[in-house]
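Inspection log for the structure reproduced underneath, given as structure tokens.
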Amino acid sequence: MSPKNTQKAAFVLIASSTVIVLFLLGIILYYIISNGMGALSWEFLTEYPKDLGRAGGIFPAIVGTFYLICGAIIMALPVGVCAAIYLTEYKKEGRVTTVIRSAVELLNGTPSIVFGLFGFAFLVLFIDLGISLIVGQIVLALMVLPTIIRTTEEALKTVPQSIREGSLALGATKWQTIKQVVLPPSIPGIVTGTILSIGRVSGETAPIMFTAVVFSQRFIPDSIMEPVMALPYHLFVLSTNIPGSRLNQAGTALVLLMIVVGFYLVAILIRNHYKKSTRG
Numbered sequence: 015m016s017p018k019n020t021q022k023a024a025f026v027l028i029a030s031s032t033v034i035v036l037f038l039l040g041i042i043l044y045y046i047i048s049n050g051m052g053a054l055s056w057e058f059l060t061e062y063p064k065d066l067g068r069a070g071g072i073f074p075a076i077v078g079t080f081y082l083i084c085g086a087i088i089m090a091l092p093v094g095v096c097a098a099i100y101l102t103e104y105k106k107e108g109r110v111t112t113v114i115r116s117a118v119e120l121l122n123g124t125p126s127i128v129f130g131l132f133g134f135a136f137l138v139l140f141i142d143l144g145i146s147l148i149v150g151q152i153v154l155a156l157m158v159l160p161t162i163i164r165t166t167e168e169a170l171k172t173v174p175q176s177i178r179e180g181s182l183a184l185g186a187t188k189w190q191t192i193k194q195v196v197l198p199p200s201i202p203g204i205v206t207g208t209i210l211s212i213g214r215v216s217g218e219t220a221p222i223m224f225t226a227v228v229f230s231q232r233f234i235p236d237s238i239m240e241p242v243m244a245l246p247y248h249l250f251v252l253s254t255n256i257p258g259s260r261l262n263q264a265g266t267a268l269v270l271l272m273i274v275v276g277f278y279l280v281a282i283l284i285r286n287h288y289k290k291s292t293r294g
């Protein structure tokens, strides 16, 4: 095959793969939106569940999902960024960093159900925190920590070493160089890691079903030591155990999708803002 034909074949293959992915995504979105729009109403978004989720709304589940996502990111983001700064800026490449990175990769590949069992056995039973919001946030934070560490590391490595050396040569300290020279252009990459983390924690059911959530409650928790409702678990129970709830299943899925997309859009706007500011 000539180089020209090879190039055409490669282009067709790549374009076909893209079309297939977009087509499948379109089918999923169409199914969720077309089935879920019938359930959406002000009452569905603001009322408490009734009749085992067949009627009423999902307001406690929406609030609980926000609590879980925000709490997990607030816990994981500073720890992950600091760990990445240590590995990239302070610790020289060697056996220790290799072991740490291997541990991070191992943690990243651990199934979510294992995190849930760990949270249940250690935090719920051994430490006796009980099934509560704080346990769910801790477990989800542990899940996304490797993603934040790896993406932050990659973002920090994109800053040329010559810029660091120039800052140090001008008399800046190591921390001043990191804070004022290295971190600002790395923020878009860090936000990208945060976006990926939000996408992961927002749809997880296995870790929180053992540690944080209940299917139905008619109140918003006043304390992090109380259990919460969450959209993924609510959808799971509706789909598997509650007959006659098909409309609310679709509505719950659509609301969860809207929340995830909303978080994505906010994070993308923040990332683009920092991209423009660093270029300017």
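Count along the sequence shown from 1, then add 14; that gives the number in our numbering. Yeah, the Cβ is synthetic: ideal placement off N, Cα and C, and Gly gets one too.
For alanine 69, name the three-state secondary structure that DSSP assigns. Reading the sequence shown from its first residue, position 55 is the one you call residue 69. If DSSP states are grouped into helix, strand and coil, alanine 69 belongs with the strands.
Which residue comes first and which comes last in the alpha helix (DSSP H) that contains glycine 217? Locating residue 217 in the sequence shown gives position 203, counting from the first residue. Element bounds for glycine 217: n/a, residue is neither H nor E.
Looking only at its chain, what residues have a beta carbon closer than 7 Å to the beta carbon of alanine 29, apart from the 5 residues adjacent to it on each side? Counting from one through the sequence shown, the residue named residue 29 turns up at place 15. Cβ neighbours of alanine 29 beyond the five flanking positions: none.
Can you tell me whether arginine 232 is buried or exposed? The criterion is at least 16 other CB atoms within 10 Å of its CB, across all chains shown. Here residue 232 corresponds to residue number 218 of the sequence shown, with the count starting at 1. Answer is exposed; the Cβ neighbour count stays below 16.
How far does the alpha helix (DSSP H) with methionine 157 in it reach, from first residue to last? Taking the first residue of the sequence shown as position 1, residue 157 is located at position 143. Looking at the DSSP string, the run of the alpha helix (DSSP H) that includes methionine 157 is 147-171.
Counting only runs of 4+ residues fully inside the stretch 193-267, write out the alpha helix (DSSP H) ranges in chain order. The stretch 193-267 contains these whole alpha helix (DSSP H) runs: 197-216, 220-223, 245-255.
Stretch pair the stretch 111-130 + the stretch 178-196: three plus CB contacts closer than 8 Å: Taking 8 Å as the limit for Cβ pairs, the verdict is that the stretch 178-196 does not touch the stretch 111-130.
State the Cα-Cα distance for the pair isoleucine 204 and aspartate 65, rounded to the nearest angstrom. Counting from 1 along the sequence shown, the entry for residue 204 is found at position 190. Counting from 1 along the sequence shown, the entry for residue 65 is found at position 51. Those two C-alpha atoms are separated by around 43 Å.
Between which residues of its own chain and lysine 171 is the CB-CB distance below 7 Å, once the five residues before and five after are set aside? Position 157 of the sequence shown, counted from the start, is the residue given in the question as residue 171. So the qualifying residues of the chain are Thr102.
Using CA atoms only, rank isn't needed, just tell me which of Phe250, Val215, Ala226 is closest to cysteine 84. As a working mapping, residue 84 is identified with position 70 in the sequence shown. Relative to the Cα of cysteine 84, the nearest Cα in the group Phe250, Val215, Ala226 belongs to Val215.
Write down the C-beta distance between proline 221 and methionine 157 rounded to the nearest angstrom, noting that I regard them as a contact closer than 8 Å. The residue you call residue 221 lines up with position 207 of the sequence shown. The residue you call residue 157 lines up with position 143 of the sequence shown. Between the beta-carbon of proline 221 and that of methionine 157 there is about 6 Å, and that keeps the pair under the 8 Å contact cut.
On a CA-only basis, which of Ile88, Arg285, Gly52 is nearest proline 198? Give me that one, please. Indexing the sequence shown from 1 puts residue 198 at position 184. Considering only alpha carbons, the answer is Arg285.
Am I right that alanine 98 and threonine 166 are in contact with their C-beta atoms under 8 Å? What's the rounded C-beta distance? On the sequence shown, position 84 is the one that residue 98 refers to. On the sequence shown, position 152 is the one that residue 166 refers to. Here alanine 98 really is in contact with threonine 166; their C-beta atoms are around 4 Å apart, less than 8 Å.
May I have the straight-line CA-CA distance separating alanine 267 from alanine 23, to the nearest angstrom? As a working note, residue 267 is residue 253 in the sequence shown. As a working note, residue 23 is residue 9 in the sequence shown. Within the model, the alpha-carbon separation for alanine 267 versus alanine 23 is close to 39 Å.
Environment of valine 35 [buried if 16+ CB atoms lie within 10 Å]: If you number the sequence shown from 1, residue 35 lands on position 21. Valine 35 is exposed by the Cβ-count criterion.
Nearest candidate by alpha-carbon position, reference glycine 217, set Phe58, Pro74, Leu82, Pro160: Taking the sequence shown and counting its residues from 1, one reaches residue 217 at position 203. For the residues Phe58, Pro74, Leu82, Pro160, the minimum Cα distance to glycine 217 belongs to Leu82.
For serine 211, which residues of its own chain have a beta-carbon under 7 Å away from its beta-carbon, when the five flanking residues on both sides are left out? Position 197 of the sequence shown, counting from 1, holds the residue named residue 211. Here the set comprises Ile87, Ala90, Val158, Thr161, Ile162.
For the alpha helix (DSSP H) holding phenylalanine 58, just list the boundary residues, first then last. Residue 58 sits at position 44 when you count from the first residue of the sequence shown. 56-60 is the span of the alpha helix (DSSP H), which, as asked, contains phenylalanine 58.
Determine, using beta carbons only, whether glycine 70 and glutamate 61 come nearer to each other than 8 Å. The residue given as residue 70 occupies position 56 in the sequence shown. The residue given as residue 61 occupies position 47 in the sequence shown. Yes, these two residues count as a Cβ contact at 8 Å.
Selected residue, minimal CA-CA separation from isoleucine 256, among Ser230, Pro241, Val274: As a working mapping, residue 256 is identified with position 242 in the sequence shown. Answer by Cα proximity: Ser230.
Give me the Cα-Cα distance between glycine 133 and serine 116, rounded to the nearest whole angstrom. Residue mapping note: residue 133 aligns to position 119 of the sequence shown, counting from 1. Residue mapping note: residue 116 aligns to position 102 of the sequence shown, counting from 1. Linking glycine 133 to serine 116 through their CA atoms gives a straight-line distance of about 22 Å.
Can you tell me which residues form a DSSP beta bridge with lysine 289? Counted from its first residue, the sequence shown places residue 289 at position 275. In the DSSP output, where bridge partners are listed per residue, lysine 289 has none listed.
Name the one or two DSSP bridge partners that proline 63 has. Here residue 63 corresponds to residue number 49 of the sequence shown, with the count starting at 1. In DSSP, proline 63 forms a bridge with Gly70.
Excluding sequence positions up to five away, which residues of its chain have a Cβ less than 7 Å from the Cβ of glycine 265? The sequence position of residue 265 within the sequence shown is 251, counting from 1. Gly50, Ala53, Leu54, Phe58.
Using a Cβ distance threshold of 8 Å, determine whether the stretch 146-154 contacts the stretch 232-243, with at least three qualifying pairs required. Contact holds: three or more Cβ-Cβ distances are below 8 Å.
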